[in-house]
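Student:
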Amino acid sequence: MVAAQSAQSQRFTLSIEATSGVSTGISAADRARTVQVAVDLASTAADLVQPGHIFPIQAQPGGVLNSAGAAEAACDLSRLAGLQPAGCLVTILDESGEPARGETLRQFASQHGLKIGSIAELIHYRLLHEGCLQRSAEYSLQTRHGRFRTLAYSDHYRGQLHLALVRGEISTAQPTLVRVQAAETLRDLLDCQPSEGPLQWNLDRALARVASEGCGVVVLLAHQETPQQLLNQLQQGDYRPRPPQFPQRTLGIGAQILHDLNVRQMRLLSQPVAYKAVSGFDLEVCEFVVYQAPDAPTPSNLPAEPLT
């Protein structure tokens, strides 16, 4: 199971080492011993020391249906096999020392008699047999851009509620205009734009674009902005969009909602960004629709200054 992920998108913890049964801790045998101790349900804090040569990663609740990552995939596979949800991630290198992919991995698996699968396949399997979201309510809401069919989805793992605002009839045969986002105070409530870089879609602009085309979906994920994040943005003076870790971390939630709404092909209201394993949700990004500023000039953002 192979997936390229940035360190920022993975939840690393402090490195560990087995208290006994290892020498320097750096050999393959020593590392294997540490992994065995770490996943043993009978182990206690006294059986491990820090720092060490093994770097644990915390998998997201809900597995690959919540976050399409290698750690979540490893835990899902173990759980589906009836075992403790834990695994060991190993990167296989090709002859040049780079992470092996595609045909190189398939040849390696064939040579050593190993099974090989993708995160997309695991997502697809879990979608067929289970899910972490449930459509809990449906309403018709009047907005400044007209009436939208609004659906509420309950997240069993996080205890959150997500919303989908739908205009028109969604068809699997036609690409659907789509925006998936979590609310941000400066972007969505105060209509701030970055002083540098591309202009951003926000909730109001996304609803306006969907309304103008007569068909589309805006998915509003449960609020994830912390007070410290908001304070940091205010202290910076200019609005700066979150780094592009967010789509990867919450890909599974938005994708499940879109799949339930019969979306298959997407015209995504977003700057171009790579989405891992989106095919596992039977989704395809056909086009990225970037935000274009209107002809009329808009006031530039003013630095946030403390009152005296």
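Residue numbering for the sequence shown follows this note's numbering, starting at 801 and increasing by one per position. Even glycine gets a Cβ: it sits at the ideal position worked out from N, Cα and C.
(1) Just the Cα atoms here: how many angstroms apart are P1094 and D1082?
(2) Suppose the cutoff is 8 Å on Cβ atoms and the five residues either side in sequence are ignored; what does the same chain contact list for V1089 look like?
(3) Determine the closest residue to Q1056 out of L990, R935, Q884, P856, with distance taken between C-alpha atoms.
(4) Does the separation of the CB atoms of S827 and F855 fall below 8 Å?
(5) Using 10 angstroms around the beta-carbon of C888, count the other beta-carbons present and answer buried if the total reaches 16, otherwise exposed.
(6) Answer yes if the region 1016–1025 comes into contact with the region 965–982, meaning at least three C-beta pairs across the two stretches below 8 Å, and no otherwise.
(7) For the pair the region 891–910 and the region 937–949, tell me if three or more CB-CB distances fall below 8 Å.
(8) Please determine, among L880, V822, A886, the residue with the shortest C-alpha to C-alpha distance to A871.
(9) Is the region 855–865 in contact with the region 905–915, if contact means three or more CB pairs nearer than 8 Å?
(10) Figure out for me which residue from L933, L989, L927 has the closest Cα to the Cα of N1002.
(11) Among D847, Q974, A838, which one has its Cα closest to the Cα of C1086?
(12) Which value, in whole angstroms, describes the spacing of the CA atoms of G863 and L986?
(13) Check each candidate in A838, T819, V966, F812 and name the one with the smallest Cα separation from S940.
(14) Residues in its own chain within less than 6 Å of H945 by CB, not counting five upstream and five downstream?
(15) Determine the closest residue to P1072 out of G1014, A818, Q960, L999, with distance taken between C-alpha atoms.
(16) Going by DSSP in three states, F855 sits in which element: helix, strand or coil?
(17) Got a sec: does the ligand HEM put a non-hydrogen atom nearer than 7 Å to the Cβ of G1016?
(18) On the DSSP letters alone, give me the boundaries of the beta strand (DSSP E) that A962 sits inside.
(19) Please report the distance separating the alpha-carbon of G959 from that of L933.
(20) Quick one: measure Cβ to Cβ for V822 and D830, integer angstroms, because I've assumed they're closer than 8 Å.
(21) Determine the extent of the alpha helix (DSSP H) in which A973 is found, giving its start and end residues.
(22) Which same chain residues, not among the five before or five after G931, have their C-beta less than 8 Å away from its C-beta?
(23) By DSSP, does I923 sit in helix, in strand, or in coil?
(24) Would you kindly report the start and end of the unbroken alpha helix (DSSP H) that includes V835?
(25) So the beta strand (DSSP E) C1086 belongs to, where does it begin and stop?
(26) Can you tell me the Cα-Cα spacing of E969 and E1013, whole angstroms?
(27) Per DSSP, which one or two residues make a beta bridge with D744?
Tutor: In short, the structure shows the following:
(1) 34 Å
(2) L977, R1009, R1067, L1068, L1069, S1070
(3) R935
(4) no
(5) exposed
(6) yes
(7) no
(8) A886
(9) no
(10) L989
(11) Q974
(12) 31 Å
(13) V966
(14) L1007, A1008, A1011
(15) L999
(16) coil
(17) The ligand HEM is not part of this structure, which contains no ligands at all.
(18) First, the amino acid is wrong: residue 962 is His here, not Ala. 960–967 is the extent of the beta strand (DSSP E) around H962.
(19) 10 Å
(20) 4 Å
(21) Neither: A973 is in no alpha helix (DSSP H) and is coded neither H nor E.
(22) L865, Q1056
(23) helix
(24) 828–839
(25) 1084–1089
(26) 12 Å
(27) With the chain covering only 801 through 1108, there is no way to say anything about residue 744.
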